[in-house]
Amino acid sequence: MQGFAGLSQFSVFLLMALGLAIIFGQMKVINMAHGEFLTAGAYTTVVISDLVTKYCPSLLPYYFIFAIIMAFVVAFLLGYLVEFMLVRHLYHRALDTLLATWGVSMIMQQGFRFIFGGREDSAILPEWLMGSWSPTDTIDIPLNGLFLLGTSIVMTLLVAFLMHRSRWGLNVRATVQNREMANAVGINTKKVDRVTFALGCGIAGIAGAVFTTIGSVSPAAGSLYIVDTFIVVVFGGAGSLLGTVLAAFSIAQSQSILEFFLSGVLAKVWVLAIVVGILMIKPQGLIANRVRK
Amino acid sequence: MFKQSIKKLFPDRAHQLSFLILAVVLLVGIPLFCDSFRLNMAAKYLSLAFAAVGLVICWGYGGILSLGQAAFWGIGGYCMAAFLKLEAARNIAMEQGSDQIKALTTVGLPDFMDWNQITELPRLWYPFKSFPLTMICLLVVPGLIAYLLGNAIFKRRVNGVYFAIITQALCWLMEILFVTSQGLTGGINGITDLRTCLGWDIQSDSAHNILYFLTALLLLGSILLSKRVLHSKMGKILVAIRDMEDRVRFSGYDVSNFKVFAFAFAAVISAIGGALFSLNVGFMSPKLVTIEPSIYMVIFCALGGRRSLIGAVYGTLIVCLGRTFLSEKFPELWMFIMGGIFILTTVVCSDGLAGLVEQYGSRLWNFIKKYTRIDVLLAKISPRLTLSKEQS
């Protein structure tokens, strides 16, 4: 059971970290508003579920797939807007992106509070996500946890394919490595930046939509995850997808195993301390890109 | 001698003037317009400004953005609060000397320790029995932690962004520790109900007034000290590291030592502010030691101008005043305004208010000088009037 609790924690970390691995790992933009894009995705799902229950309850079993797509679209568009209005002026000042996006996160949080109110909201789960799967009598695995795990694996594969096997991924990697050169060979680097940032935000939106299956949504929900997520990405080695997966897995599993022996909060302290300690020894993270400096 | 040292601290008249204005504002202006309640509030803000001053040195000049400054600030605060709490506990024990109470509680032990079934004073609290030891602790402990941490991080050449995230994680860690070790730190409530310092009632109006002046003077003093550091060779190397680290390293300097110094110096200055906060406000809580106040400290510094020690104080005052007054009247708008300030200061004027003053200040001064000279003014308004005067 403890192992599965770790696995669902792992999926949460991984889904959050995927978007950030693109934005922070590839573009070196410190997006403190990442959690708020997740909240945006979650609220989109809640709104769609409310609309569906009100107007056409017969569609209830199928709406969730549509909600995930809409969550992606909403977060993508928001990300596109933020990049266009703000982040593109700050590419050469990494630390300033941190401050500016913190401001964005405050504004977005307050915006959610303005529109949806401060209380917690939750989406209505379709029936096929409720209940649990029990292969034997003693093991009881909740279906929404399985769905979460499945989504995070599918998304990881999708991102890996996008980054390493597609034309667009090639453009992104070229832009990140040498902007001038990429420009010179005819890549529209501004467009690549914009779409990459928006895509990272869109993935956060998907994460938010999936998170509604395991918890409720509140305006400050995203900010709870943001430090954890940054630590996962940094620990894994920024820019390495495999590293991110490894880091999410090791942090989540060690935390849930330690929780078995210690209290939850102390387990968190230990894991954080160990991670920071390892980062001091290996500042580049678990899997470092070998680059000559 | 005196003149020379002033010249060393203030290279030009503008710096001298701006420091004088700050001193007048803090020592004359604010006390003149505030009653003792407001003055206490101002003292609270000023004790936060210490952290912003520290950040100017390590972020603005050293290029090291620490997102965990509140942790160091909080250590100073907790040290002071521990001393005050022990004294409060002793006083209560003196007042209620009856045997019945002695049987129920342990004499001279802070109340929250009683609630957590601790019967003996923890070893960690021993230094806070004496005032001088507390003073040493609140300066040395944060400095030492920053020194060790900085050494570990900078020797491995961990750069800006990663450093920021690591300090953020450490700050979070610190908060969790403060919250969970209830018997030692009072848990989520923190250390509350501090009344006297060395037998002096710190909650009275006169004490609030005196503490305000103490805070303001110490703040001015720490600005002078920071100026002294920044105008020395050490400060110049720090700036060189910020602008082109590799070049300094190739010139034969051990870059990490300079960074560690800047980081530790900032930590010590912040800790003084934390200690003053405990004295002024009468409590210390883990809510003040987390990431959010750390980020606020960074924004104080950014709004005032990350390269201006004096600007940092104004930045703190403006943001804190805004938070207090606007959040009471328009609680919903305030977060939008705050976010807007974050974005505007980073995108439009990255040197903050001090940068604006530097850019437009002299122009504005000339403008005022030009149009406030009465003869010029008169001549502009009615040339004939001045002419007729001369004729008569």
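As you go down the protein sequences, you meet chains A and B in turn. Numbered by the working numbering, the letters in the first sequence go through residues 1 to 293 in order. Numbered by the working numbering, the letters in the second sequence go through residues 1001 to 1392 in order. Backbone N, C-alpha and C fix where the C-beta goes; we use that ideal spot for every residue, glycine too.
Would DSSP call residue i helix, strand or coil?
i	result
B/T1192	coil
B/M1284	strand
B/S1181	coil
A/D137	coil
A/S132	strand
B/K1389	In this predicted model, B/K1389 has a pLDDT of only 48, less than 50, meaning its place in the structure is not dependable enough to derive any value.
A/L217	According to the sequence as given, residue 217 of chain A is Val; it is not Leu. Three-state result, A/V217: strand.
B/D1111	helix
B/C1197	strand
B/D1254	coil
B/P1031	helix
A/D121	strand
A/P126	coil
B/P1132	helix
A/P283	coil
A/P61	coil
A/P142	strand
B/M1297	helix
A/C56	coil
B/G1305	coil
B/N1209	helix
B/C1349	coil
B/T1290	coil
B/I1064	coil
A/Y91	coil
B/P1331	helix
B/N1040	helix
B/K1007	helix
Would you decide whether residue i is buried or exposed? Buried here means 16 or more other CB atoms lie within 10 Å of its CB.
i	result
B/T1324	exposed
B/W1059	buried
B/P1142	buried
B/E1390	In this prediction, B/E1390 scores a pLDDT of 48, lower than 50, which makes its location untrustworthy; the coordinate-derived value is nonetheless stated afterwards. When all chains shown are included, B/E1390 counts as exposed.
B/Q1394	Absent from the structure is residue 1394 of chain B, since the part of chain B shown begins at 1001 and ends at 1392.
A/F161	exposed
A/Q255	buried
A/T136	exposed
A/I139	exposed
B/S1392	Any reading at B/S1392 must be qualified, since the residue scores a pLDDT of 45, below 50, and its modelled position is unreliable; the value itself is stated next. It is exposed - the Cβ of B/S1392 has fewer than 16 other Cβ atoms within 10 Å.
B/K1236	exposed
B/I1075	buried
A/L158	exposed
A/M106	buried
A/L59	exposed
B/K1370	exposed
B/W1334	buried
Look at the Cβ atom of residue i, then the Cβ atom of residue j, and state whether they are nearer than 8 Å.
i	j	result
B/G1068	B/A1275	no
A/F10	A/A252	yes
B/A1262	B/L1225	no
B/E1175	B/V1289	yes
A/M108	A/I226	no
A/A247	A/L272	no
B/L1177	A/V275	no
B/G945	B/L1353	Shown here, chain B extends from 1001 to 1392; a query on residue 945 of chain B therefore has no answer.
A/T39	A/G208	yes
A/A75	A/T45	no
B/I1241	B/F1258	yes
A/I30	A/T101	yes
A/C201	A/G19	yes
Out of the options, point me to the one whose CA is closest to residue i's CA.
i	options	result
B/I1191	B/V1281, B/P1011, B/I1165, B/M1338	B/V1281
B/I1034	B/F1213, B/W1115, B/L1017	Note on residue identity: the sequence assigns Cys, not Ile, to residue 1034 of chain B. Checked all of B/F1213, B/W1115, B/L1017; the closest Cα to B/C1034 is B/F1213.
A/F84	A/V195, A/G285, A/R93	A/V195
A/F13	A/A220, A/W270, A/V210, A/M280	A/V210
B/L1173	B/H1015, B/I1291, B/I1021, B/S1222	B/I1291
A/N144	A/V159, A/S105, A/P126, A/L158	A/P126
A/G215	A/V176, A/F197, A/D121	A/D121
A/N171	A/K190, A/M155, A/G103	A/K190
A/Q284	A/F260, A/V233, A/I257, A/G264	A/V233
A/F116	A/V217, A/F197, A/F4	A/V217
B/L1022	B/F1163, B/V1319, B/Y1314, B/W1334	B/Y1314
A/V87	A/M27, A/V73, A/C56, A/Y63	A/M27
B/A1071	B/T1134, B/L1138, B/D1012	B/L1138
- Query: Enumerated in chain order, which unbroken segments of the alpha helix (DSSP H) with a length of 4 residues or greater are wholly contained in the stretch 1120 to 1165 of chain B?
  - Reply: Within the stretch 1120 to 1165 of chain B, the complete alpha helix (DSSP H) segments of 4 residues or longer fall at 1131 to 1154, listed in chain order.
- Query: In the stretch 166 to 247 of chain A, which residue ranges form an unbroken alpha helix (DSSP H) of at least 4 residues, counting only runs that do not cross its ends?
  - Reply: 167 to 177, 179 to 184, 189 to 211, 221 to 236
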